[in-house]
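Numbering-wise, the sequence shown is residues 1 to 518 according to UniProt numbering.
Every residue, glycine too, gets a C-beta built ideally from N, C-alpha and C.
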Amino acid sequence: MNRYEENLTKLTEFYSQRAKKHWATKGDRNTSYFHNAVIKRRRKNQIVSITDTNNVTHFNPEKIAHVFVDYFKQNFQTNNADHGRPYLRTQPDAHQQDPTTSIPDKQEIWQILNEMRRNASPGPDGLNVAFYIAAWEWIGDDVTDLVRKFYITGIMPSHINNTNIVLIPKKIVCKTPADFRPISLCNVIYKMIAKTLANRLKPHLPDYIHPSQQAFIQGRRISNNIIIAQEITHSFTLRSWNSPAFMLKIDLAKAFDCLHWSFIFSALTRKGLHDHFINLIHACISTPMFSVIINGQSYARFRSSRGIRQGCPLSPYLFVLAINELSISMQEAMMSKQLTGISLGPKCPSIHSLMFADDLLVCGQATIQEATTMNQIIQSFCTQSGQTPNWSKSAILFSKGVDINTQNAIKNIFHVPTIDQKSIHLGHPLILPAKDRASAYNFVIDKFKANFLATKNKLSHAGRLTLINSVFASIPVYYMSNILFPKKFLSKLNAIIRNFWWTGIKEETSAKSLCLRA
Numbered sequence: 001m002n003r004y005e006e007n008l009t010k011l012t013e014f015y016s017q018r019a020k021k022h023w024a025t026k027g028d029r030n031t032s033y034f035h036n037a038v039i040k041r042r043r044k045n046q047i048v049s050i051t052d053t054n055n056v057t058h059f060n061p062e063k064i065a066h067v068f069v070d071y072f073k074q075n076f077q078t079n080n081a082d083h084g085r086p087y088l089r090t091q092p093d094a095h096q097q098d099p100t101t102s103i104p105d106k107q108e109i110w111q112i113l114n115e116m117r118r119n120a121s122p123g124p125d126g127l128n129v130a131f132y133i134a135a136w137e138w139i140g141d142d143v144t145d146l147v148r149k150f151y152i153t154g155i156m157p158s159h160i161n162n163t164n165i166v167l168i169p170k171k172i173v174c175k176t177p178a179d180f181r182p183i184s185l186c187n188v189i190y191k192m193i194a195k196t197l198a199n200r201l202k203p204h205l206p207d208y209i210h211p212s213q214q215a216f217i218q219g220r221r222i223s224n225n226i227i228i229a230q231e232i233t234h235s236f237t238l239r240s241w242n243s244p245a246f247m248l249k250i251d252l253a254k255a256f257d258c259l260h261w262s263f264i265f266s267a268l269t270r271k272g273l274h275d276h277f278i279n280l281i282h283a284c285i286s287t288p289m290f291s292v293i294i295n296g297q298s299y300a301r302f303r304s305s306r307g308i309r310q311g312c313p314l315s316p317y318l319f320v321l322a323i324n325e326l327s328i329s330m331q332e333a334m335m336s337k338q339l340t341g342i343s344l345g346p347k348c349p350s351i352h353s354l355m356f357a358d359d360l361l362v363c364g365q366a367t368i369q370e371a372t373t374m375n376q377i378i379q380s381f382c383t384q385s386g387q388t389p390n391w392s393k394s395a396i397l398f399s400k401g402v403d404i405n406t407q408n409a410i411k412n413i414f415h416v417p418t419i420d421q422k423s424i425h426l427g428h429p430l431i432l433p434a435k436d437r438a439s440a441y442n443f444v445i446d447k448f449k450a451n452f453l454a455t456k457n458k459l460s461h462a463g464r465l466t467l468i469n470s471v472f473a474s475i476p477v478y479y480m481s482n483i484l485f486p487k488k489f490l491s492k493l494n495a496i497i498r499n500f501w502w503t504g505i506k507e508e509t510s511a512k513s514l515c516l517r518a
């Protein structure tokens, strides 16, 4: 019986890892649930065809791989010179801060390891976090020596920074490589090194980053940007609004992939960081060897000359430091009276931008001069940093009182359409109806229903309860942190949960078995 229990536990853990499902408790070891989830996930992620830049569709696995490899090679390569330093107009402080004075010890590395998700997908070496934790007694000293040696020498062993690129579909039907989001699977040993650097950089970010940026900064919240953005769109419709203005929503194409390294290092230098610390970051982001995983197979090996990886612990902090240069440029333009921005009240500060990582909203007075200046600042930033605005996915909103000719002229400057009434920003609708604000969140109900329909596997009531507590009940929390849903709206959500609890496939347990167990 003990042997059976042990095998069942191992089988459950194996399929739960393959299914990529987060199970809140161990109350339901339904292997068939995980097994079916693995099958559905494999079918969903299977790439059977791809269309290249010449509009030719390929079905052969080797040709499909060739299209993807060429696409990522092009994304990660640049011939641009170092544009960063001329762009940074101010000089760092005379006294340089040195976050590298404290070399990580074994206890710090062990703590970082325990904070990682144990069953997350491993890197090219195939070793996940659970392995390192289980074997720490034997390998802990060697891992610590490797990390400490990197901090002293600044040399990254080549095999440690090998990276697999996995493809996450952005759409239900993906036709081109651009329809997939590349996620980098780094080796755990590299992630430990990168995390130690990130932990040394993170405490300084509140001092480095402009208040308009809310992402990855301790003490700042995503809800700040959401509420302010909705307040701007609401204020634009009020009779009391007497200043013609615009709000531009900018979509950055391949924001992480196209970021110039020289721009990152110049931004770090601008903040007065020590040269050795910058060299350590350079070793992390400039030495990876990439392979692309397609339908479970690894293809090609190539290096990059730009971009940061989605999956590297350093990337979020480096990105906000780089994108912060746009905020600084706008702030400097406001101080020199080139930009005015907008103000939501007599005693409110002027707003020129709202940023959450690469989700950008910029605001200004609805004049040709201000729009032209704003466009020049954005284009200059993009030229220096390697970013490219996707104007076809961007949009603009005008306040009450802007005449149609001015609207058309400003839209022509940015080459963008007007914001749609159903436009979403950070998961929330930008424009809310005046009377029934909750109706703009009906998509939350649709998301609830979609999760219910997707969970067709047979689950015991213990499993259903776990799924309700860990998945269904958490979906509305993000939205409810910014808006108070009416009771009628919440009743609809509760009805969907009750339906999932009471309906579904009945457990195949006879009354006789229940009596025997009792």
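Since LEU361 and ALA229 are thought to touch, with beta carbons under 8 angstroms apart, how far apart are those beta carbons, to the nearest angstrom? Working through the sequence shown from its first residue, we reach residue 361 at position 361. Working through the sequence shown from its first residue, we reach residue 229 at position 229. ALA229 and LEU361 do touch by the CB rule: their CB atoms are close to 6 angstroms apart, below 8 angstroms.
Could you check the C-alpha separation between ASN375 and ALA450 for me, to the nearest Å? As a first step, residue 375 is located in the sequence shown; it is residue number 375 there, counting from the start. As a first step, residue 450 is located in the sequence shown; it is residue number 450 there, counting from the start. If you draw a straight line from the Cα of ASN375 to the Cα of ALA450, it comes to about 40 angstroms.
Contact defined as beta carbons within less than 8 angstroms: I believe LYS411 pairs with ILE396. What is the distance between those atoms, to the nearest angstrom? If you number the sequence shown from 1, residue 411 lands on position 411. If you number the sequence shown from 1, residue 396 lands on position 396. Going by Cβ atoms, the distance from LYS411 to ILE396 rounds to 6 angstroms, so yes, they are a contact pair.
Below 8 angstroms on the Cβ atoms is my contact criterion, and I expect TRP501 with SER399 to pass it. Report the Cβ-Cβ distance as a whole number of Å. Looking up residue 501 in the sequence shown gives position 501. Looking up residue 399 in the sequence shown gives position 399. Beta-carbon to beta-carbon, TRP501 and SER399 are separated by about 47 angstroms, too far to satisfy the 8 angstroms threshold.
Which residue comes first and which comes last in the beta strand (DSSP E) that contains CYS174? For the purposes of this step, residue 174 is identified with residue 174 of the sequence shown, where counting begins at 1. In the DSSP assignment, CYS174 falls outside any beta strand (DSSP E) and carries neither an H nor an E.
Once the 5 residues before and after ASP52 are set aside, which same chain residues still bring their CB inside 6 angstroms of it? Within the sequence shown, numbered from 1, the residue matching residue 52 stands at position 52. Here the set comprises VAL67.
For ILE285, is the beta carbon positioned less than 7 angstroms from some heavy atom of the ligand FAD? Looking at this structure, you won't find the ligand FAD or any other ligand, since it has none at all.
Between the Cα of GLN338 and those of VAL173, LEU326, GLY364 and HIS282, spot the shortest distance and give me the residue it belongs to. What you label residue 338 is simply residue 338 of the sequence shown in a count that begins at 1. For the residues VAL173, LEU326, GLY364 and HIS282, the minimum Cα distance to GLN338 belongs to GLY364.
If you draw a straight line from the alpha carbon of THR388 to that of GLY140, how long is it in whole angstroms? Here the question's residue 388 lines up with position 388 in the sequence shown. Here the question's residue 140 lines up with position 140 in the sequence shown. A straight-line Cα-Cα distance of about 43 angstroms links THR388 and GLY140.
Name the one or two DSSP bridge partners that MET156 has. As a position in the sequence shown, residue 156 is number 156, starting the count at 1. According to DSSP, MET156 bridges with nothing at all.
Provide the residue span of the beta strand (DSSP E) that contains LEU201, from first to last. Here residue 201 corresponds to residue number 201 of the sequence shown, with the count starting at 1. Bounds of any beta strand (DSSP E) do not take in LEU201; it lies within the alpha helix (DSSP H) bounded by 188-201.
Identify, in the order they occur along the chain, each residue of the same chain with its Cβ nearer than 6 angstroms to the Cβ of PHE302, setting aside the five sequence neighbours on each side. Locating residue 302 in the sequence shown gives position 302, where the first residue counts as 1. Within the same chain, PHE302 has close Cβ partners LYS73 and PHE290.
Would you be able to state if there are at least three C-beta pairs under 8 angstroms between the region 202-212 and the region 276-287? The region 276-287 vs the region 202-212: no contact.
Grab the span of the beta strand (DSSP E) containing LEU252 for me, first residue to last. As a working mapping, residue 252 is identified with position 252 in the sequence shown. Taken as a continuous stretch (DSSP letters only), the beta strand (DSSP E) holding LEU252 covers 245-253.
Same chain, Cβ closer than 6 angstroms to SER121, neighbours up to 5 away in sequence not counted: One-based indexing of the sequence shown puts residue 121 at position 121. Only LEU185 meet the Cβ criterion.
Can you name the start and end residues of the beta strand (DSSP E) that TYR299 belongs to? Within the sequence shown, the letter at position 299 stands for residue 299. Per DSSP, TYR299 belongs to the beta strand (DSSP E) from 297-303.
Can you give me the C-alpha to C-alpha distance between THR78 and LEU259, rounded to a whole angstrom? Position 78 of the sequence shown, counting from 1, holds the residue named residue 78. Position 259 of the sequence shown, counting from 1, holds the residue named residue 259. Distance from the CA atom of THR78 to the CA atom of LEU259, rounded to whole angstroms, is 10 angstroms.
Between the C-alpha atoms of ILE155 and GLN213, what's the straight-line distance to the nearest angstrom? Position 155 of the sequence shown, counted from the start, is the residue given in the question as residue 155. Position 213 of the sequence shown, counted from the start, is the residue given in the question as residue 213. Taking the straight line from one Cα to the other gives about 33 angstroms.
Apart from the five residues just before and just after LEU354, which ones in its own chain have a Cβ nearer than 7 angstroms to its Cβ? Residue 354 sits at position 354 when you count from the first residue of the sequence shown. So the list reads SER212, ASN225, ILE228, ALA229 and LEU361, once near-sequence residues are dropped.
ILE293 and VAL471 closer than 8 angstroms at C-beta: For this step, residue 293 is matched to residue 293 along the sequence shown. For this step, residue 471 is matched to residue 471 along the sequence shown. Not a contact, by the Cβ cut-off of 8 angstroms.
CB of LYS422 within 8 angstroms of CB of PRO429, strictly: Residue numbering aside, residue 422 sits at position 422 when the sequence shown is read from its first letter. Residue numbering aside, residue 429 sits at position 429 when the sequence shown is read from its first letter. Cβ atoms of LYS422 and PRO429: closer than 8 angstroms.
Near ASP105, what residues of its chain come up, given a Cβ to Cβ distance below 6 angstroms and the 5 sequence neighbours on each side ignored? Your numbering for residue 105 matches position 105 in the sequence shown. The beta carbon of ASP105 is closer than 6 angstroms to none in its chain, skipping five residues each way along the sequence.
Which value, in whole angstroms, describes the spacing of the CA atoms of ALA134 and ILE445? Sequence index remark: in the sequence shown, residue 134 carries index 134 (1-based). Sequence index remark: in the sequence shown, residue 445 carries index 445 (1-based). Straight-line spacing of the CA atoms in ALA134 and ILE445 works out to 42 angstroms.
When burial is assigned at 16 or more other CB atoms within 10 Å of the CB, is ASP359 buried or exposed? What you label residue 359 is simply residue 359 of the sequence shown in a count that begins at 1. Buried: at least 16 other Cβ atoms inside 10 Å.
Distance check for ALA194 and TRP136, CA to CA, integer angstroms please. Start at 1 with the first residue of the sequence shown, and residue 136 comes out as number 136. Start at 1 with the first residue of the sequence shown, and residue 194 comes out as number 194. Cα to Cα, TRP136 sits roughly 19 angstroms from ALA194.
Roughly how many angstroms separate the alpha carbons of GLN111 and ILE342, rounded to a whole number? Looking up residue 111 in the sequence shown gives position 111. Looking up residue 342 in the sequence shown gives position 342. Going by the C-alpha atoms only, they are around 45 angstroms apart.
Helix or strand or just coil, what does DSSP make of GLY123? Reading the sequence shown from its first residue, position 123 is the one you call residue 123. Coil.
Pair within 8 angstroms by beta-carbon distance, SER298 and ASN482: Position 298 of the sequence shown, counted from the first residue, corresponds to residue 298. Position 482 of the sequence shown, counted from the first residue, corresponds to residue 482. Contact annotation: SER298 and ASN482 have beta-carbon atoms that are not nearer than 8 angstroms.
On the criterion of 16 or more Cβ atoms from any shown chain inside 10 Å, does LYS393 qualify as buried, or is it exposed? Position 393 of the sequence shown, counted from the start, is the residue given in the question as residue 393. So LYS393 ends up on the exposed side.
Name, in chain order, the residues that DSSP records as bridge partners for THR418. As a position in the sequence shown, residue 418 is number 418, starting the count at 1. Bridge pairing for THR418: ILE396 [DSSP].
Can you tell which of ILE419, THR466, VAL416 and PHE485 has its C-alpha closest to the C-alpha of residue 521? Lying before the first or after the last residue shown, residue 521 is absent from the chain, which here runs from 1 to 518.
Taking its Cβ as the centre, do 16 or more other Cβ atoms sit within 10 Å of ILE419, making it buried, or is it exposed? In the sequence shown, the residue the question calls residue 419 occupies position 419. Buried, by the Cβ-count rule.
Any idea if PRO349 is buried or exposed, counting beta-carbon neighbours within 10 angstroms, 16 or more meaning buried? Indexing the sequence shown from 1 puts residue 349 at position 349. PRO349 is exposed by the Cβ-count criterion.
What do you get for PRO288, buried or exposed, if any count of 16 or more other CB atoms within 10 angstroms of its CB means buried? Position 288 of the sequence shown, counted from the first residue, corresponds to residue 288. That one is buried.
ALA357 and ALA215 closer than 8 angstroms at C-beta: For the purposes of this step, residue 357 is taken as residue 357 along the sequence shown, with counting starting at 1. For the purposes of this step, residue 215 is taken as residue 215 along the sequence shown, with counting starting at 1. Yes, the Cβ-Cβ distance between ALA357 and ALA215 is below 8 angstroms.
Since ALA130 and ASN114 should fall inside the 8 angstroms C-beta cutoff, what is the C-beta to C-beta distance between them, to a whole number of angstroms? Sequence index remark: in the sequence shown, residue 130 carries index 130 (1-based). Sequence index remark: in the sequence shown, residue 114 carries index 114 (1-based). Not a contact, Cβ separation roughly 11 angstroms.
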